[in-house]
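One structure is given here, and the rest of the page talks about it.
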Amino acid sequence: MKNICPHCGAELAPKAIACQSCGSDAQTGWSEGASVDWELPDYDEIIENEFGNKKKAHWPVIVISCILVAALIITFTSIFF
Ligand SMILES: [Zn+2]
Numbered sequence: 000m001k002n003i004c005p006h007c008g009a010e011l012a013p014k015a016i017a018c019q020s021c022g023s024d025a026q027t028g029w030s031e032g033a034s035v036d037w038e039l040p041d042y043d044e045i046i047e048n049e050f051g052n053k054k055k056a057h058w059p060v061i062v063i064s065c066i067l068v069a070a071l072i073i074t075f076t077s078i079f080f
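Numbering (numbering that gives the first Met the number 0), first residue to last: 0 to 80.
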């Protein structure tokens, strides 16, 4: 999907929120002299910031494994003693 600058007609990048040729963008009404960031924030970076603590996801598995091992030990001891 190609975007075209309504001000100067230059081709815009897919994520571009402003024209790199004339500096126009949607917020300033595509007028000259605009000074904004060229691209929207990186989506992957936002996801990593929100859900970056992946190491904690292993803890429930470790806890459940310990409980199962303990249950097996109790079962065996109750059978043999
Ligand atoms: Zn332009």
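All C-beta atoms, glycine included, are put in the ideal place defined by N, C-alpha and C. Source: prediction; values computed, not measured.
Residue burial classification, residue i (beta-carbon count within 10 angstroms, cutoff 16)
i, result
"D41", "exposed"
"C7", "exposed"
"A12", "exposed"
"S64", "exposed"
"A17", "buried"
Residue interval of the alpha helix (DSSP H) (run including residue i)
i, result
"I63", "58 to 79"
Minimum C-alpha distance to residue i - residue among the options
i, options, result
"S20", "N2, E49, Q26, A9", "A9"
DSSP beta-bridge partners of residue i
i, result
"A17", "D24"
"N48", "Note: N48 sits in no beta bridge, so no partner."
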